[in-house]
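All remarks here apply to the structure that follows.
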Amino acid sequence: MNVTLKTLPPARVAYLRYTGPYGPEIGTFWRETVAPWMIENNLLNRVRYGIGHDDPSTTPAQYCRYDACVEVPADFEPKYPFAVTHLPGGRYAVGHFKGPASAIPVAWGEMCTQWMPQSGLTYDQRPGFERYPVEAAFDEKTGVMEIEMCIAIKD
114 MNVTLKTLPP ARVAYLRYTG PYGPEIGTFW RETVAPWMIE NNLLNRVRYG IGHDDPSTTP
174 AQYCRYDACV EVPADFEPKY PFAVTHLPGG RYAVGHFKGP ASAIPVAWGE MCTQWMPQSG
234 LTYDQRPGFE RYPVEAAFDE KTGVMEIEMC IAIKD
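Here it is as structure tokens:
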């Protein structure tokens with residue numbers, strides 16, 4: 114996996130929380146709930162983020178929390194059940210992933226258990242997340258997608 118160090122700016126995001134098993138259900142959540150809302154609010158050409166709050170190896174699947182986030186302008190106020198939060202900027206180790214969504218957990222595992230310990234870097238308390246740039250590709254036929262897996266690191 115190709116990992117680079119980047120300084121990311123802070124981001125103001127609208128988000129909606131999903132609670133349940135990580136996996137294909139999150140893709141369904143984006144397609145059936147978040148994407149229609151993005152279209153309705155003219156937010157399609159915005160950076161998107163996915164934040165998994167729980168470790169599925171220690172948290173029962175039905176309690177795993179995931180926030181689907183979309184960057185929004187300063188004056189944008191979403192209607193309930195969406196809310197606004199801020200993702201902190203700073204230094205991140207960014208793993209560049211290209212493959213099917215089903216391979217994302219393995220890629221995260223490799224980045225956290227192999228790459229990070231060998232890098233000599235230290236985790237920061239800021240949340241890690243998946244970042245989906247506007248130009249990120251998704252092939253509907255093959256299911257291959259491009260994402261950036263971001264781990265907050267100390268300076």
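Quick note: the sequence shown uses the numbering used here, first residue 114, plus one each step. Here a beta-carbon is modelled for each residue, glycine too, at the ideal position from N, C-alpha and C.
Between residue 123 and residue 191, the C-beta gap is not smaller than 8 Å, which leaves the two residues out of contact. Judged by their CB atoms, residue 162 and residue 135 are not nearer to each other than the 8 Å cut-off. Residue 245 is bridged by DSSP to 161.
The three-state reading of DSSP puts residue 185 in coil, since its state is none of H, G, I, E or B. Between residue 185 and residue 116, the C-beta gap is not smaller than 8 Å, which leaves the two residues out of contact. With a beta-carbon spacing of about 17 Å, residue 195 and residue 245 fall beyond the 8 Å limit used to define contacts. Distance from the CA of residue 156 to the CA of residue 183, rounded to the nearest whole angstrom, comes to 8 Å. In this structure, residue 237 lies near residue 266, with their beta-carbon atoms less than 8 Å apart. Excluding sequence positions up to five before and after residue 151, its CB lies within less than 7 Å of the CB of 157 and 183, all in the same chain and listed in chain order. Our two residues, residue 203 and residue 254, have alpha carbons roughly 36 Å apart in a direct line. Only residues of its own chain outside the window of five on either side were considered, and among them 211, 212, 213, 250 and 251 have a CB closer than 8 Å to the CB of residue 257, listed in chain order. Distance from the Cα of residue 164 is smallest, within the candidate group 219, 139 and 228, for 139. Using a Cβ distance threshold of 8 Å, residue 197 and residue 147 do not count as a contacting pair. The three-state secondary structure of residue 190, taken from DSSP, is coil. Boundaries of the alpha helix (DSSP H) harbouring residue 149: 148–153, taken from the DSSP string. With a contact defined as Cβ atoms closer than 8 Å, residue 133 and residue 174 qualify at about 7 Å. Membership of residue 201 in any alpha helix (DSSP H) is not indicated, and neither H nor E is assigned to it by DSSP.
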